[in-house]
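First up is the structure itself, then whatever we jot down about it.
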Ligand code: CP
Ligand code: NVA
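In my numbering, the protein residues as written are 1498 to 1808.
The following block contains the structure:
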């Protein structure tokens, strides 16, 4: 039995929203951020509760959702698999029915995308994907908002993704289709994009380029992520060898556009996927990017609970 409350909207992958919805959300983020920075209260979610389920570790995602919900006037409750019944075999479908009767919004960080889909199918309230093996849509909302803040619209721009074609890369690829920009992906052999797993409609908005320097040439954004994502730790040593030539360094930033930005979802490993010189250098906007998780997710939570707002 699928219990879908009519009109409940979820954010399980980037392509769940249209370009118009993202235009609204980015504009709303700007307003919410301005209000917050000028100490103006904005508390549309008083008495509303967010439940956050974590099956993997997190610093930024937990902080930004928890702080964000508090700032919007609501409460956030943290559950993990270690000390909830989720870790003792309670089906996600049962958990979804119970949690969604006691809350207004659910955020989940887990392994398989299928778990998020099953949770949302049995939830009466909106579900947000806080990272799966396949996608990390909240991260790319923050990344694109950060680019817009620094450089303006992303339409027609070129993003160079250097490294593993992981959950963050897949989400960049979906975003390119929804928002109309281009992604060049450079991975070591055997680690390339799987378009079906990435949930792509086609191949118009991305190119796989073997040589990472060629991928970065004239790019507007150069971005990367850890060589080993959570859940793949057993491959760590092999990956360190395979990815050694896919490091973003100052030479790579020099072939990008002169005003190119460097993005990284964090946590970063200086000396592996990026040098300290680039991560801590003048083109890096990674701290703004991390902060913007808070602001975009406040706009997202407000939108999912209350819909389109005018002020
Ligand atoms: N970027 C990101 O999602 O960070 P956390 O793993 O710390 O949440
Ligand atoms: N690709 C990384 C992102 C962490 C925020 C991971 O899944 O571990």
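Idealized CB from N, CA, C, for every residue including glycine.
What you are looking at is a predicted structure, and each value in this text was computed from that prediction instead of being measured.
query                                                                                                                                                                          : result
How long is the line joining the alpha carbons of residue 1498 and residue 1759, rounded to whole angstroms?                                                                   : Caution applies to residue 1498, whose pLDDT of 44 falls short of 50 and renders its modelled position unreliable; the model cannot decide the point.
Under three-state DSSP, which class holds residue 1727?                                                                                                                        : coil
According to the neighbour-count rule (16 or more other Cβ atoms, all chains shown, within 10 Å of its Cβ), is residue 1795 buried or exposed?                                 : buried
Would you say residue 1549 and residue 1604 are within 8 Å of each other, going by their C-beta atoms?                                                                         : yes
Excluding sequence positions up to five away, which residues of its chain have a Cβ less than 8 Å from the Cβ of residue 1574?                                                 : 1546, 1547, 1548, 1549 and 1600
For residue 1807, is the classification buried or exposed, using 16 other Cβ atoms within 10 angstroms of its Cβ as the cut-off for buried?                                    : exposed
Evaluate residue 1681 with the Cβ neighbour count: other Cβ atoms within 10 Å of its Cβ, from every protein chain shown; 16 or more gives buried, anything less gives exposed. : buried
Spell out a yes or no on whether the region 1620-1630 and the region 1642-1662 are touching, meaning 3 or more CB-CB pairs, one atom from each, closer than 8 Å.               : no
Identify whether residue 1604 lies in helix, strand or coil by the three-state DSSP scheme.                                                                                    : strand
Taking one C-beta from the region 1721-1734 and one from the region 1696-1705 each time, how about it: are there three or more such pairs within less than 8 Å?                : no
For the ligand NVA, any of its heavy atoms closer than 7 Å to the Cβ of residue 1749?                                                                                          : no
Take residue 1773 and list the residues in its own chain whose beta-carbon comes closer than 6 Å to its own, dropping the five residues that flank it on each side.            : 1767
Can you tell me whether residue 1525 is helix, strand or coil according to DSSP?                                                                                               : helix
Hey, would you say the C-beta of residue 1710 is under 7 Å away from at least one heavy atom of the ligand NVA?                                                                : no
Among the residues of its own chain, which have a CB less than 8 Å from the CB of residue 1645, if the five just before and after it don't count?                              : 1523 and 1651
If you run the structure through DSSP and keep just helix, strand and coil, what is residue 1575?                                                                              : strand
Have a look at 1565, 1704 and 1788 and flag the residue whose alpha-carbon is nearest the alpha-carbon of residue 1538.                                                        : 1565
Give me whichever residues DSSP pairs with residue 1657 in a beta bridge.                                                                                                      : 1681 and 1719
Based on the DSSP output, what are the partners of residue 1704 in its beta bridges?                                                                                           : 1681
I'd like to know whether the C-beta atoms of residue 1761 and residue 1752 end up nearer to each other than 8 Å.                                                               : no
So, with DSSP's three-state summary, where would you put residue 1740?                                                                                                         : coil
Is residue 1727 near the ligand NVA, judged by its Cβ being under 7 Å from some heavy atom?                                                                                    : yes
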